[in-house]
Amino acid sequence: MGTEFSYLILLLLGVVILLENRLKRLVLLLAFQSVFLLVPLFEDGGYGTHSLFLAGMIILFKVILTPWILYWTARRTNSVESTFPKVGYIPTFALLMVGAVVGFFILGFTKFRFGEVNQMSFLYTFLLLYVGMVGFVVRRHWVGVIASFAVFENGTFLLTQILRTELPLGIEFGSFLDAVFIIGAAATLRISMESSSENEKEEAPV
Numbered sequence: 001m002g003t004e005f006s007y008l009i010l011l012l013l014g015v016v017i018l019l020e021n022r023l024k025r026l027v028l029l030l031a032f033q034s035v036f037l038l039v040p041l042f043e044d045g046g047y048g049t050h051s052l053f054l055a056g057m058i059i060l061f062k063v064i065l066t067p068w069i070l071y072w073t074a075r076r077t078n079s080v081e082s083t084f085p086k087v088g089y090i091p092t093f094a095l096l097m098v099g100a101v102v103g104f105f106i107l108g109f110t111k112f113r114f115g116e117v118n119q120m121s122f123l124y125t126f127l128l129l130y131v132g133m134v135g136f137v138v139r140r141h142w143v144g145v146i147a148s149f150a151v152f153e154n155g156t157f158l159l160t161q162i163l164r165t166e167l168p169l170g171i172e173f174g175s176f177l178d179a180v181f182i183i184g185a186a187a188t189l190r191i192s193m194e195s196s197s198e199n200e201k202e203e204a205p206v
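In terms of full-length UniProt numbering, the sequence shown has 68 at position 68, counting the first letter as 1, and numbering is strictly consecutive.
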């Protein structure tokens, strides 16, 4: 029961991240959700070497580096503080309801395909992945889009926990590193685009 509640809290945090319209709070919520990944990690996997390694990777890459890259880039590019969804809140809620309905329909499939797994935890994880994908569609601010990618990554991590998929440590380290590289590349691209725009304005004839 405690594990199901942990997955539910992570899902609710994902929904709040999707709907949050202030940049600072968005980054803080993303960091808090990443910290909360430690709860199901230790509930499901105990305190062995593998779990401690994953906890270290979560703290380094998801709790520290990802929020720091987002916030630093936002300040470097003088991004606006507001991050409202581009389609509005009502269509966003409608998309979330569609995902909830689909999620309940796939509950039976999880037992058939994956055997004895915690179905409610699987449902919450599916919905968290869906929330991340919805963020790609409804977010207009680049910080919100990257935060949605991070939420999707958190959902992917939870899915490996539910399915008891213990990958080699090198592969898991690489997956964490890849996610940070993607976020870093997006941040670098944003800075480059901002610099190019400023240069064009300076070179434009008066």
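Where is the CB? At the ideal position from N, CA and C, for every residue including glycine. Keep in mind it's a predicted model, so treat the numbers as computed, not measured.
Backbone CA spacing between L12 and L37 [nearest angstrom]: 13 Å
Cβ-Cβ distance between V134 and L18 below 8 Å: yes
Exposure of A94, with buried meaning 16 or more beta-carbon neighbours within 10 Å: exposed
Exposure label - I90; buried when at least 16 CB within 10 Å: exposed
Length of the line joining the Cα atoms of T66 and L123: 26 Å
Nonlocal neighbours in the same chain, by C-beta distance under 6 Å from A150, ignoring five residues either side: L30, T66
Where G144 falls: helix, strand or coil (DSSP): helix
Coil, strand or helix - Y71 by DSSP: helix
Spatial neighbours of T160 in its chain, beta-carbon cut-off 6 Å, leaving aside the 5 residues before and after: none
Between the CA atoms of I58 and E43 - distance to the nearest angstrom: 15 Å
R22 burial status per 10 Å Cβ neighbour count (16 or more: buried): exposed
Identity of the residue in L41, W72, T77 nearest N154 by Cα: L41
Limits of the unbroken alpha helix (DSSP H) element including V39: 38-45
Span separating the alpha-carbon of G14 from that of V63: 15 Å
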